[in-house]
Amino acid sequence: MTSLELRHVDKTYGGYHALRGISLAVEQGEFVVMVGPSGCGKSTLLKSIAGLETISSGQIFINGRDVTHAEPGDRGIAMVFQSYALYPHMTVAENMGFGLRMAKRPKAEIDAAVVRAADILRMTDQLHKRPKQLSGGQRQRVAIGRAITRSPDVFLFDEPLSNLDAALRTQMRVELSNLHAELGATMVYVTHDQVEAMTMASRIVVLNRGVIAQVGSPLELYRNPDNLFVAGFLGAPRMNFFAVTVTEAFGRIAKVSASGLEPLAVELDQGVVIQKGAALTLGIRPENVAIADQGASGATMSGRARLVEHLGRETILHVDAGPLQCVAAESGAGTITVQVGRPMGLATDAPISLRVDPRDVYLFSSGNERTITTRKPVLDR
Amino acid sequence: MSSFWRRHRSWLTPVLFILPGIVLFGTVIIAASLQTVWVSFHDWDGIGPKLWVGLGNYVELLDDPQFHVSLKNNLIWLAVFLLAPPLGLALALMLNQQIRGMRVLKSLFFIPLVLASVTVGVVFGWVYDPTFGILALIFQAFGAKAPALLSDEHLVTFAAAFAALWPQVAFCMVLFLAGLNNLSDDLIGAGRVDGARGWRMLRHVVLPQLTQVGFIAIAVTVIGALRSFDMVAVMTSGGPFGSSTVLAYQMFQQSIFSYRFGYGAAIATVLVVIMAIFIVWYLRGLIKAEERSA
Amino acid sequence: MYPRPIAPTAAAHRTIYVSLVALVLVLWLLPLVAVMLTSIRSFDEVMAGQYWNWPKKFSLIENYTAVFQQTAMFRFFLNSLIITLPSVAGVLVLATLNGFVLSRYRFKGATLVFALFVGGNFLPAQIMMIPVRDLMVKLGLYDTFYALILFHIAFQTGFATLFMRNFISALPDELFQSARSEGASPAQTLWHVVVPLLRPALAALAILTFTFVWNDYFWAIVLTQSDAVKPVTAGLNNLRGEWVSAWNLVAAATILAALPPVTMFFLMQKHFIAGLTIGAVKG
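Residue numbers (this note's numbering), protein chains in the order written: chain R, 16 to 396; chain X, 20 to 313; chain Z, 12 to 294.
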C-alpha cells in the first residue's frame with residue numbers, strides 16, 4: 016500500500032496557479048525530498064498534503080484513505096515547521112504531548128509516548144525546560160519529538176534546517192537520516208537546499224513553477240536529468256550551458272559545435288530525430304571539464320582563467336573562453352566553471368586549455384528543453 | 020449529533036465565539052444609534068405615543084438660536100483642542116531623555132490622563148473660582164481682580180475647553196512619546212551626518228516618522244472635541260444662560276430636562292453626521308495602514 | 012534617540028534639565044496640587060478664606076475620615092467597584108473571543124464587523140442615550156448595577172476588540188498551524204495556545220478598561236438615580252452641590268475619587284502605556 020498518493024493535485028488562488036496536476040506515489044518508509052527554487056510550490060504542496068491549505072482539484076490519499084477534505088488533525092500526518100512553532104509557554108514534555116492531550120488520550124499513554132520520543136532524540140533531561148532555554152538544535156528536536164509522539168502515517172518537514180547555522184545543519188542532516196532509518200517511517204521533506212536533497216532522499220521530487228520536473232533517486236537525477244531545469248538545479252557549482260548548432264547528424268550521433276568550441280560527437284537517445292543546423296543547448300558539469308596540456312591537440316576549448324578559487328580540497332576556475340560564452344552561468348560573466356579536485360597553483364589570467372569527454376556531455380533541445388542525449392550509467396564500473 | 024459538531028466545528032466555533040459580542044454590541048450600540056435616528060423623526064415626550072413629524076425637528080433646529088450657539092461652541096472646542104497634538108508633541112520632546120528619574124517624572128506628567136472628567140471639571144472649577152482659585156491668585160499677585168470666567172458668557176466655553184485640554188494634552192504626549200521611542204536610529208544618524216540640526220532635523224527627519232502617531236492623535240482629539248459633554252455638564256451646566264452648551268449637552272438638556280426626546284434625537288443625529296466625516300476618515304486611515312503592512 | 016540624549020557625563024546640563032522639567036511638572040500639576048492642599052486644610056481656615064497659605068492645622072485625617080463618615084462616598088466607592096470589576100471581566104472575555112475570530116478567520120463582512128466595532132466606539136454617547144435608557148427601563152434594569160455593567164461591557168468591547176485583534180494577529184502563524192495539524196479544535200487552540208500568550212495584553216486591557224469604566228460620568232447619570240447605585244463620578248458631582256462651602260471635604264472627596272485609577276496607573280504603568288499605544292505604533 017502506498018503511504019501517500021497525490022492524484023492530479025491542482026491549486027489556484029487569486030489568479031495564481033500554484034500547483035498544476037501534481038501526481039505522486041510515495042511508498043511506505045520512503046524519504047522523499049521535494050526540492051525546487053523559491054516560488055516553485057513545494058511549501059504549498061506540503062501544506063496541501065497536511066491539510067493546512069485546500070486544493071482546487073485532485074485527490075490526496077494517506078495509507079489508502081481519501082483525506083482530500085479531512086482536517087489536518089484527522090489525516091494521520093505530523094508536521095515539523097521551519098520555525099519549529101514550539102508553544103513558548105509549555106515545557107518540552109508538554110509541547111511533545113500536546114497533540115495527544117488534544118485527542119484526550121489517557122495520561123499514562125501520553126507520558127509513555129513523550130518519554131519514548133525523548134529517548135529517541137536524546138532529550139530526556141530537557142523535558143522540564145521551556146523552549147527559550149533551549150538551543151536551536153534542541154528546539155528542532157523538540158519539534159521532531161512532537162511529531163514522533165503522534166505516531167503519524169506520514170511525517171512532513173517544512174524546511175526544518177533553514178534556521179540553523181551551517182555546522183548545525185550538517186549535524187542535524189545526519190541525525191534526521193539516522194532517525195529515518197531507526198523509525199522506518201514515511202517522510203516527506205521540503206527544502207530549497209539541494210545538498211540536503213541529495214544526501215537525505217531515497218527519492219527526490221524536483222518542482223518548478225508548480226509542476227513536477229522530475230522524480231527519481233538522487234544519483235539518477237544527477238546523472239540523467241530529464242530536462243535542462245533539473246540539470247541546472249542539481250549540482251554545485253552549476254552545470255555549464257552553451258548554445259551550440261548541429262553540424263552533422265548520422266544515425267544516433269550528432270556533431271555539435273559553436274564558436275570557440277571544437278566539434279563534439281555526442282550520442283543521442285533512441286528515437287531522437289535531429290536536423291542538421293538545429294540549435295541546441297549543450298551542458299557539461301564543472302567536474303567533467305578537464306585541464307588539457309597547453310598546446311596539446313584534442314583541446315575542446317581554451318581561454319584565460321579569470322578567477323581562481325582555492326577551496327583547499329578542490330579548486331574552482333572561472334575561465335573566459337573568448338567567443339565561447341556560457342549561458343546563464345554561475346559566475347554571471349559568461350565564464351566557464353571548471354572544478355578540479357585538487358589544489359592548483361594557477362595565476363589569474365593564465366592561459367588555459369580545457370578538454371571535454373563527449374560521453375559526459377548533455378544536449379537539450381531548444382523549446383521544451385528536454386534531454387536528448389542517451390542515458391548515462393549512474394555509478395562507475 | 021457530536022459527529023456533526025466535529026465535522027463542522029472548524030467554522031461553527033468561530034461563529035459561536037463572535038456571536039455574543041456582535042449581539043451585545045449590535046443591540047446596545049448599533050441598533051440603539053439607528054433607533055435614535057428613527058426617534059428624531061417623531062415628537063415624543065418619553066412616555067406617551069410617538070408622533071410622526073418627518074423632518075420637522077430638523078427644520079426647527081435650523082432656526083433654533085440655541086442650536087447655533089451649540090454649533091459655535093463646538094467649533095471653539097475644536098479650535099482649542101487642536102492645540103493638544105502640538106503641545107503634546109512639545110512635552111514629549113522635552114521629556115524624551117533616559118536620565119535617571121525621568122521615568123518617575125514622566126509618569127507624573129501622565130496623571131491628568133487617568134483622572135475622570137468629573138474630577139477635572141471639579142478641579143478646574145476651583146482653578147477658575149474668582150475668589151480662591153489659582154486664577155484669582157495670579158491676578159491678585161498683579162493687583163488685579165480675577166474675571167469670573169465661568170460666569171462670563173463670552174469666555175465660559177473657552178474656560179471649559181481649556182480645562183478639558185489638560186487630559187487631552189497628556190494623551191497626545193503619551194502617543195508621541197511612544198512614537199519617539201520607535202524612531203529609526205539609522206535615519207536620525209543619517210540626518211546628523213547630513214548636517215540636519217534643530218528645527219530642520221525635526222521637520223525633515225523626525226516629523227515624517229511620526230505621521231502615523233500624529234494621525235491618531237489628531238483623529239482622537241477632533242472626535243473628542245466634538246463629542247465633549249462631561250466638562251460642560253459638570254462645570255457650567257450649559258450656562259450662563261445657555262451660552263456654553265455644546266451639541267452633546269443640548270441634546271441631553273432637551274431630552275432629560277425638557278422631555279423633548281424627538282428633538283434631542285435630532286440634535287444627536289446632527290452631531291453624529293458631523294462626526295461621521297472624521298470617524299470615516301479615521302477608519303479609512305486605519306484600514307489603509309493595515310493593508311500596507313499586511 | 013531623539014532629541015539628542017544629554018550626555019551622562021554632562022552633570023551640569025543634567026541638573027539644569029531635571030530642574031527645568033520639575034518646574035514644568037509643578038506648573039502642570041498645579042490644579043491637582045491646589046486641590047490636595049485644600050483637602051488637608053481645616054474647616055476653620057476654609058471658612059476664614061485662608062486658601063493659599065501653608066495650613067496652620069493639618070486636618071488630613073479629619074477631613075478624609077469625615078468624607079467617609081459624613082458623606083455617602085463610601086457607598087459610591089463600593090458602587091463603582093461593583094460596576095467596574097464585572098465590566099472589566101466581561102470585556103476581557105468578549106474582546107478575546109472577538110479578537111481571536113477577527114484575526115484568524117477571513118470571512119465576507121469581517122472588515123465591516125471590525126469597522127463597526129471600532130467606529131461604534133467613537134460614536135457620541137448621546138446617539139444611543141434614548142434607546143439604551145428605554146431598553147434598561149423595559150428590562151427593569153434602570154437604576155440597577157446591571158444597567159451600567161451591561162452597557163459598559165457592550166460599549167468597551169469595541170475598542171477592546173481592536174486591541175486584542177491586533178495582539179493576536181502578531182502571534183506567529185505557524186503556532187496556529189501547528190496546533191491545527193496536531194488536531195486541536197479552534198476552542199482548544201484558543202484556550203491552550205493563545206490565551207497563555209495573551210497575559211500582557213490582558214493586563215493592559217484590564218487597566219485601560221478599568222479606567223474608562225470607573226471614570227464614566229454620562230451613563231452614570233443617565234442610567235442611575237438613587238445613591239444606592241450611583242458610582243463615584245456622579246456621586247462626586249452631587250457632593251459638590253450638597254456640601255457647597257466645605258471645600259476641604261469636597262477636595263478630599265475629589266482626591267479619594269481619583270485615587271483608584273491613579274493608583275492602578277502607577278502600579279501597572281507599563282501595561283497602561285502599552286495598551287494606549289498599541290494601535291498607534293508598529294512594533
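Beta carbons: idealized from backbone N, C-alpha and C, even for Gly.
Cut-off 6 Å between Cβ atoms - residues of its own chain near residue i, not counting five sequence neighbours on either side
| i | result |
| --- | --- |
| R:Met359 | Thr330 |
| Z:Val224 | Thr95, Ser98 and His163 |
| R:Ala320 | Leu332, Val334, Leu361, Ala365 and Ile367 |
| X:Gly107 | Val188, Cys191, Met192 and Phe195 |
| R:Asn303 | Asp375 |
Span of the beta strand (DSSP E) around residue i
| i | result |
| --- | --- |
| R:Leu297 | Ala294 to Ile299 |
| R:Tyr204 | Thr201 to Thr206 |
| R:Ala264 | Asn255 to Phe265 |
| R:Gly117 | It should be pointed out that residue 117 of chain R corresponds to Met in this sequence rather than to Gly. No beta strand (DSSP E) holds R:Met117; the alpha helix (DSSP H) holding it covers Val107 to Met117. |
| R:Pro366 | Ala365 to Val371 |
Boundaries (first-last residue) of the alpha helix (DSSP H) holding residue i
| i | result |
| --- | --- |
| R:Arg156 | Gly151 to Thr164 |
| X:Asn92 | Pro84 to Phe100 |
Local conformation of residue i per DSSP, three classes
| i | result |
| --- | --- |
| X:Tyr147 | coil |
| Z:Tyr75 | helix |
| R:Lys291 | coil |
| X:Leu2 | Chain X is shown from 20 up to 313; residue 2 of chain X falls before or after that span and cannot be answered. |
| X:Thr176 | helix |
| R:Lys26 | strand |
| R:Arg396 | Confidence at R:Arg396 is low in this model, with a pLDDT of 49, below 50, so the placement of that residue should be treated as unreliable; the coordinate-derived value is given next. Reduced to three states, the DSSP call for R:Arg396 is coil. |
| Z:Met279 | coil |
| R:Lys270 | strand |
| Z:Val292 | Its pLDDT being 49, under 50, Z:Val292 is placed unreliably by the model, and the measurement read from it follows with that caveat. Coil, per DSSP. |
| R:Arg145 | coil |
| R:Pro175 | coil |
| R:Met138 | coil |
Contact check, residue i vs residue j, beta carbons under 8 Å
| i | j | result |
| --- | --- | --- |
| R:Ser18 | R:Val169 | yes |
| Z:Leu250 | Z:Ala269 | no |
| Z:Arg144 | Z:Asp238 | no |
| X:Ala236 | X:Phe248 | no |
| R:Leu243 | R:Thr296 | yes |
| Z:Phe229 | Z:Ala100 | no |
| R:Val210 | R:Lys57 | no |
| Z:Val46 | X:Trp145 | yes |
Own chain partners of residue i with C-beta closer than 8 Å, once the 5 adjacent residues on each side are dropped
| i | result |
| --- | --- |
| X:Pro186 | Pro131, Leu132, Leu134, Ser136 and Val139 |
| R:Gln285 | Arg267 and Thr389 |
| Z:Gly294 | Note that Z:Gly294 scores a pLDDT of 32, beneath 50, so its modelled location is shaky; the value from the coordinates is reported in the next line. Hits under 8 Å: none found. |
| Z:Pro66 | Leu48, Ile51, Arg52, Ser53 and Glu56 |
| Z:Asp297 | Since the first residue shown for chain Z is 12 and the last is 294, residue 297 of chain Z is missing from the structure and cannot be characterised. |
| Z:Asn226 | Thr244 and Pro272 |
| R:Glu197 | Ile135 |
| Z:Thr200 | Phe187, Ala190 and Arg191 |
| X:Ala103 | Leu184, Gln187, Val188, Phe190, Cys191, Ala236 and Thr240 |
Any non-hydrogen atom of the ligand SAH closer than 7 Å to residue i Cβ
| i | result |
| --- | --- |
| R:Val259 | Of the ligands one can find in the structure shown there are none, so the ligand SAH has no counterpart to examine. |
7 Å CB neighbourhood of residue i in its chain, flanking five on each side removed
| i | result |
| --- | --- |
| X:Phe129 | Ala189 and Val193 |
| X:Ser29 | none |
| X:Ser59 | Asn76, Gly281, Ala284, Ala285 and Thr288 |
Test: residue i CB closer than 8 Å to a CB of chain B
| i | result |
| --- | --- |
| X:Arg26 | Here the protein chains are R, X and Z, and chain B is not one of them. |
Name, going along the chain, the residues of the region 142-160 of chain X whose beta-carbon falls closer than 7 Å to a beta-carbon of chain Z. Val142, Phe143, Trp145, Val146, Phe151, Ile153 and Leu156
Check distances from the C-beta atoms of the region 199-222 of chain Z to those of chain R and list, in chain order, the residues that come in under 7 Å. Gln199, Val204, Pro207 and Leu208
Which of the residues in the region 161-190 of chain Z, read from start to end, lie with their CB under 7 Å from any CB of chain R? Pro183, Glu185, Leu186, Gln188 and Ser189
Quick one, which residues of the region 286-306 of chain X are near chain Z if we go by CB-CB under 9 Å, in chain order? Ile286, Ala287, Thr288, Leu290, Val291, Met294, Ala295, Phe297, Ile298, Val299, Tyr301, Leu302, Leu305 and Ile306
Give me the subset of the region 233-250 of chain X whose CB atoms are less than 7 Å from a CB atom of chain Z, sorted by chain position. Flagged, chain order: Ile235, Ile242, Arg246, Phe248 and Asp249.
Which residues, in chain order, does the region 259-278 of chain Z contribute to contact with chain X at a C-beta distance below 7 Å? Thr265, Ala268, Ala269, Pro272, Val273, Phe276 and Phe277
According to a CB-to-CB cut-off of less than 9 Å, which residues of the region 54-75 of chain R neighbour chain Z? Lys62, Ala65, Gly66 and Leu67
Report the residues of the region 124-139 of chain Z with a CB closer than 9 Å to any CB of chain X, ordered along the chain. Val124, Phe125, Ala126, Leu127, Phe128, Val129, Gly130, Gly131, Asn132, Phe133, Leu134, Pro135, Ala136, Gln137, Ile138 and Met139
Which residues, in chain order, does the region 45-58 of chain Z contribute to contact with chain R at a C-beta distance below 7 Å? none
Which of the residues in the region 103-117 of chain X, read from start to end, lie with their CB under 9 Å from any CB of chain Z? Leu110, Leu112, Met113, Leu114, Asn115, Gln116 and Gln117
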